[in-house]
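Undergrad: Taken in sequence, the protein lines are chains A and B. Quick note: to get our numbering, add 1452 to the position in the first sequence (first position is 1). Quick note: to get our numbering, add 1452 to the position in the second sequence (first position is 1). Built from N, CA and C at the ideal position, the CB exists for glycine as well. All values reported here derive from a predicted model rather than from experimental measurement. Just passing along the structure, written as structure tokens.
Number of protein chains: 2
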Amino acid sequence: MIDVARLAGVSHQSVSRVVNGSGGVSPEIRERVERAVAQLRYRRHPAARALATNRTFSIGVVSFGLAQYGPSEALAGIAREAQEAGYSTSLTSLLDVDVESMAEAVGHLIDDSVDGIIVLAPVDAALTAMEGVDVDVPLVLFYPGAHAHEQRVVTDEVRGAELATAHLLDLGHPTVHHISGPEGWLGTSARIAGWRLALQARGIEPPATVEGDWTAAGGAGCAEQLSVVPDVSAVFAANDQMALGAMKAFNAAGLSVPDDISVVGFDDIPGSEYFRPPLTTVRFDFAEVGRRAAHHIFELIAGARPDPARPVVPDLIVRDSARHRPLAVI
Amino acid sequence: MIDVARLAGVSHQSVSRVVNGSGGVSPEIRERVERAVAQLRYRRHPAARALATNRTFSIGVVSFGLAQYGPSEALAGIAREAQEAGYSTSLTSLLDVDVESMAEAVGHLIDDSVDGIIVLAPVDAALTAMEGVDVDVPLVLFYPGAHAHEQRVVTDEVRGAELATAHLLDLGHPTVHHISGPEGWLGTSARIAGWRLALQARGIEPPATVEGDWTAAGGAGCAEQLSVVPDVSAVFAANDQMALGAMKAFNAAGLSVPDDISVVGFDDIPGSEYFRPPLTTVRFDFAEVGRRAAHHIFELIAGARPDPARPVVPDLIVRDSARHRPLAVI
DNA sequence: CAGAGAGGTACCACGATATTG
DNA sequence: ACAATATCGTGGTACCTCTCT
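Listed below in structure tokens is the structure:
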């Protein structure tokens, strides 16, 4: 910068003003500085800037399960929004979701003195860990539940699960069984809650859930358990992978989907339209969720009112894996 | 840091030595400093450090197609490896893969003065863009081809495609048709090359390819085209999504997979084992690729010999979507 | 007189503030 | 009042010097 100042024949401070557009610079000097900047290919030094301003213009993301569809989409959304706002995105990957590694990951980011933190790890541990860790940095959590909160970006998965379950009930099924996600995930409880709500709204007592692990193999295992339960005609799986595995297992057990048994998934992962049968499922715009989270963080950084954003809403995508309840065998 | 020095009754320089473990500090002073550090919860300031050392201890990643299975896995690997090495990972998401946005993304990262850049965008444009952009920062490209190079981490997708094609030929199919990825992707050419190689090794003239777009819908479209071509009995799809779509389309056309037609995919995405039929495919350990890329960058940063790493090798995962060629109809 | 441990000083590249023209 | 400059502070590290065995 001093080189630029020298070449333009001004003080480095004037250069700073021009570069940051802070005004109070005569057109003539601005012109001279800009020429010098171009000539020297000057780029400002973020570290020095950070040192002087105590702002890094970077946000940190704590992620877990990046290989999952939702989180990776959301991450792309975050990165995009951050880029447009002139922020850089610093990524931390969680090895485990216990409180300790959460705290460590957040600590890492704080050490990097990020201006804000987005926690993209929708697990219970994240919530409790964040209560323990006392952070003086703006922080936003992805929250797949229903409760708005100034530190959360909410995807209303409760509503999504309700939609899926209600759809099956509307098709005439007397009840709906649920293949849930693994314990410890916020999405698991949210989807269970929505499923319960939909059943109870019609006075139906929710049957026991079967716990999967988000994978197709897990879903298949759950379906095997369900296929020996009498009167199972409709199943809501907590994600598409498990729905895929479940459909396969039902078929292997001699139960045709959707003729004998209806299945609805959750996520609308790429390809779910091409499953056999095409999967009826619930779609969220996860990239939008990411963008909102980033936007929210920027407002918090700017000290703005933390406006708890309306939740991102789901869409039910009706395809062929769920049909009217089979007629009773005569 | 000066506070720590004051509390410990030493010079700030000694504190620096202790914090960085540069040695030359007496045990007694080290002890005093460490106590002071703990008491004051001192954490060093990365911006100041960066300013003084001209190193940021962060690497930049230029990504494209994060929603795809391979890249997102690789990204997780990178983040992990970086974390262990004490680096932070700065993520830039590409809007488009033309030369211009590549250059812009890299420019962003350079503005952030990262110590190294990993380009996780396996497209032709990345290659050409990188030739144009003159970067004085260590840079590593993901390269899904076969040519080792000091700036590349190679996944030998040519070999993977050969494996897939040879498997089909070994099953007795007279030739193998290929549903390729879209033009402009390095993986597309690599997989075409491998497929050609395997055919030519047996003196078979490669038939025309059908170009897809990585999606299941695209794969289905390609399969529709192929199903009217006579004598198509084996198809190698450039990724699992397209294979999924293709299998569906073949079935819709009255062609059973694998009885009438064999299909092999590429990637081994989660769930491919639960497709109907379970998909025979080619697996790469993309997380490992990510880890290697990060490791490679660190060596380059350290000024080490750029040892062109051996490529990551594929595994053929044999499942049920490919069988012996159907007997000729009598 | 080495050599090791400790301290002192300059500097990194910028922004904020006060001061000068 | 306004534009431009000088000076200082930011939190570290690099390098040189000094002291004391």
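Tell me whether the beta-carbon of A:Pro1729 lies closer than 8 Å to the beta-carbon of A:Val1716.
TA: As a working note, residue 1729 of chain A is residue 277 in the first sequence. As a working note, residue 1716 of chain A is residue 264 in the first sequence. No. Outside cutoff.
Undergrad: Since A:Phe1594 sits in a beta bridge, which residues does DSSP pair it with?
TA: For this step, residue 1594 of chain A is matched to residue 142 along the first sequence. BP columns for A:Phe1594 point to A:Val1605.
Undergrad: Buried or exposed: which applies to A:Gln1491, given that a residue is buried once 16 or more other Cβ atoms fall within 10 Å of its Cβ?
TA: For the purposes of this step, residue 1491 of chain A is identified with residue 39 of the first sequence, where counting begins at 1. Classification of A:Gln1491: exposed, given that the 10 Å Cβ count is below 16.
Undergrad: Express the C-alpha separation of B:Pro1763 and B:Arg1611 in angstroms, rounding to a whole number.
TA: Here residue 1611 of chain B refers to the residue found at position 159 of the second sequence. Here residue 1763 of chain B refers to the residue found at position 311 of the second sequence. Cα to Cα, the separation comes out at about 10 Å.
Undergrad: Could you work out which residue in A:Leu1527, A:Val1558, A:Ser1565 and A:Ala1526 is closest to A:Pro1498 when comparing CA atoms only?
TA: Residue numbering aside, residue 1498 of chain A sits at position 46 when the first sequence is read from its first letter. The option with the nearest alpha carbon to A:Pro1498 is A:Ser1565.
Undergrad: Checking contacts by CB at 8 Å: is B:Gln1792 closer than that to chain A?
TA: Missing from the structure shown is residue 1792 of chain B; chain B here goes from 1453 to 1782 and no further.
Undergrad: Would you kindly report the start and end of the unbroken beta strand (DSSP E) that includes A:Ala1686?
TA: As a working mapping, residue 1686 of chain A is identified with position 234 in the first sequence. Where A:Ala1686 is concerned, the enclosing beta strand (DSSP E) stretches over Ala1686 to Ala1689.
Undergrad: So which residues on chain B does A:Thr1733 lean against when the C-beta distance must stay under 7 Å?
TA: Indexing the first sequence from 1 puts residue 1733 of chain A at position 281. Result: empty, since nearest Cβ-Cβ is about 13 Å, beyond 7 Å.
Undergrad: According to the Cβ coordinates, are B:Ile1631 and B:Gly1597 closer than 8 Å?
TA: Position 179 of the second sequence holds residue 1631 of chain B. Position 145 of the second sequence holds residue 1597 of chain B. Going by C-beta atoms, B:Ile1631 is not nearer than 8 Å to B:Gly1597.
Undergrad: Determine the closest residue to B:Ala1613 out of B:Asp1767, B:Glu1663 and B:Ile1454, with distance taken between C-alpha atoms.
TA: On the second sequence, position 161 is the one that residue 1613 of chain B refers to. For the residues B:Asp1767, B:Glu1663 and B:Ile1454, the minimum Cα distance to B:Ala1613 belongs to B:Asp1767.
Undergrad: With a threshold of 8 Å between beta-carbons, can B:Arg1757 be considered close to chain A, or not?
TA: Mapped onto the second sequence, residue 1757 of chain B falls at position 305. No - not a single Cβ of chain A is within 8 Å of the one on B:Arg1757.
Undergrad: Name the two residues that bound the continuous alpha helix (DSSP H) containing B:Thr1541.
TA: Translated into the one-based positions of the second sequence, residue 1541 of chain B becomes position 89. No alpha helix (DSSP H) holds B:Thr1541; the beta strand (DSSP E) holding it covers Ser1540 to Ser1545.
Undergrad: Round the Cβ separation of A:Pro1760 and A:Ala1600 to the nearest angstrom and send it over; I've been treating them as touching at under 8 Å.
TA: Counting from one through the first sequence, the residue named residue 1760 of chain A turns up at place 308. Counting from one through the first sequence, the residue named residue 1600 of chain A turns up at place 148. Confirmed, Cβ separation roughly 4 Å.
Undergrad: So does the region 1722 to 1736 of chain B actually touch the region 1499 to 1514 of chain B, counting three or more Cβ pairs closer than 8 Å?
TA: In short, these stretches do not touch, since the Cβ pair count stays below three.
Undergrad: What does the alpha-carbon distance come out to for the pair B:Leu1547 and B:Ser1553?
TA: By one-based count along the second sequence, residue 1547 of chain B stands at place 95. By one-based count along the second sequence, residue 1553 of chain B stands at place 101. Taking the straight line from one Cα to the other gives about 7 Å.
Undergrad: Beta-carbon separation of B:Val1684 and B:Leu1651 under 8 Å?
TA: Residue numbering aside, residue 1684 of chain B sits at position 232 when the second sequence is read from its first letter. Residue numbering aside, residue 1651 of chain B sits at position 199 when the second sequence is read from its first letter. Not in contact: B:Val1684 and B:Leu1651 (Cβ atoms no closer than 8 Å).
Undergrad: DSSP puts A:His1629 in a beta bridge; with which residues?
TA: Stepping through the first sequence from its first residue, residue 1629 of chain A is reached at position 177. According to DSSP, A:His1629 bridges with A:Val1687.
Undergrad: List, from N- to C-terminal side, the alpha helix (DSSP H) runs of 4 residues or more that fit wholly inside the region 1454 to 1511 of chain A.
TA: Taking only runs of at least 4 residues, the alpha helix (DSSP H) segments lying wholly in the region 1454 to 1511 of chain A are 1454 to 1460, 1464 to 1472, 1479 to 1492 and 1498 to 1505.
Undergrad: For A:Asp1564, go through chain B and note every residue whose CB falls closer than 7 Å to its CB, in chain order.
TA: On the first sequence, residue 1564 of chain A is found 112 positions in, with the first residue counted as 1. By Cβ distance, chain B contributes Pro1498 and Ser1540.
Undergrad: Quick one: does B:Leu1707 have its CB under 8 Å from some CB of chain A?
TA: Along the second sequence, one-based indexing puts residue 1707 of chain B at 255. Not an interface residue.
Undergrad: Could you name the residues of chain B that A:Gly1697 contacts, counting a contact when the two beta carbons are closer than 7 Å?
TA: Sequence index remark: in the first sequence, residue 1697 of chain A carries index 245 (1-based). Per Cβ cutoff of 7 Å: Tyr1726.
Undergrad: Measure the beta-carbon distance from A:Ile1511 to A:Gly1568 and round it to whole angstroms, keeping in mind my assumption that it falls under 8 Å.
TA: Here residue 1511 of chain A refers to the residue found at position 59 when the first sequence is read from its first residue. Here residue 1568 of chain A refers to the residue found at position 116 when the first sequence is read from its first residue. At roughly 5 Å, the Cβ-Cβ gap stays under 8 Å, so A:Ile1511 and A:Gly1568 are in contact.
Undergrad: Near B:Ala1526, what residues of its chain come up, given a Cβ to Cβ distance below 8 Å and the 5 sequence neighbours on each side ignored?
TA: On the second sequence, position 74 is the one that residue 1526 of chain B refers to. Counting only Cβ-Cβ distances below 8 Å, and skipping sequence neighbours, we find Leu1572, Phe1594, Phe1738, Ala1739, Val1741, Gly1742 and Ala1745.
Undergrad: Cβ of B:Leu1731 within 8 Å of Cβ of B:Ala1756?
TA: As a working note, residue 1731 of chain B is residue 279 in the second sequence. As a working note, residue 1756 of chain B is residue 304 in the second sequence. No. Outside cutoff.
Undergrad: Could you list the residues in the region 1518 to 1532 of chain B with a C-beta less than 8 Å from some C-beta on chain A, going in chain order?
TA: Going along the region 1518 to 1532 of chain B in chain order, one finds Leu1518, Ala1519, Tyr1521, Ser1524, Glu1525, Leu1527, Ala1528, Ala1531 and Arg1532 with a Cβ nearer than 8 Å to chain A.
Undergrad: Need the endpoints of the alpha helix (DSSP H) that A:Arg1735 sits in, please.
TA: Position 283 of the first sequence, counting from 1, holds the residue named residue 1735 of chain A. Where A:Arg1735 is concerned, there is no enclosing alpha helix (DSSP H), although the beta strand (DSSP E) it sits in stretches over Thr1733 to Arg1735.
Undergrad: Roughly how many angstroms lie between the CA atoms of A:Val1470 and A:Ala1457, to the nearest whole one?
TA: What you label residue 1470 of chain A is simply residue 18 of the first sequence in a count that begins at 1. What you label residue 1457 of chain A is simply residue 5 of the first sequence in a count that begins at 1. For A:Val1470 and A:Ala1457, the distance between alpha carbons rounds to 11 Å.
Undergrad: Would you list the one or two residues that DSSP bridges to A:Val1575?
TA: Looking up residue 1575 of chain A in the first sequence gives position 123. DSSP, once it has assigned bridges, lists A:Trp1637 as partnering A:Val1575.
Undergrad: Here's the rule: buried if 16 or more other CB atoms are within 10 angstroms of the residue's CB, otherwise exposed. What is B:Gln1535?
TA: The count along the second sequence starts at 1 and reaches residue 1535 of chain B at position 83. The residue is buried, with at least 16 neighbouring Cβ atoms inside 10 Å.
Undergrad: Can you have a look at A:Ser1545 and say buried or exposed, based on whether 16 or more other CB atoms are within 10 angstroms of its CB?
TA: Working through the first sequence from its first residue, we reach residue 1545 of chain A at position 93. So A:Ser1545 counts as buried.
Undergrad: Under three-state DSSP, which class holds B:Ser1724?
TA: Your numbering for residue 1724 of chain B matches position 272 in the second sequence. Here B:Ser1724 sits in helix by DSSP.
Undergrad: Can you check which of these residues, B:Ala1537, B:Val1514 and B:Ile1530, is closest to A:Ala1528 by C-alpha distance?
TA: Locating residue 1528 of chain A in the first sequence gives position 76, counting from the first residue. Of the candidates B:Ala1537, B:Val1514 and B:Ile1530, the one whose C-alpha sits nearest the C-alpha of A:Ala1528 is B:Val1514.
Undergrad: Leaving out five residues on either side along the sequence, give the residues of the same chain with a beta carbon under 6 Å from the beta carbon of A:Arg1735.
TA: Locating residue 1735 of chain A in the first sequence gives position 283, counting from the first residue. These residues qualify, in order along the chain: Asp1720, Asp1767 and Ile1769.
Undergrad: List the residues of chain A whose Cβ lies closer than 7 Å to the Cβ of B:Ser1545, in chain order.
TA: For the purposes of this step, residue 1545 of chain B is taken as residue 93 along the second sequence, with counting starting at 1. The answer, in chain order, is Ala1528, Ala1531, Arg1532 and Gln1535.
Undergrad: So who's on the other strand from B:Leu1768, going by DSSP bridges?
TA: Walking along the second sequence from the start, residue 1768 of chain B turns up at place 316. The partner list for B:Leu1768 (beta bridge, DSSP) reads B:Val1734.
Undergrad: Sort A:Gly1639, A:Arg1484 and A:Pro1590 by Cα distance to A:Ile1785 and report the nearest one.
TA: Beyond the ends of chain A as shown, which are 1453 and 1782, falls residue 1785 of chain A; an answer cannot be given.
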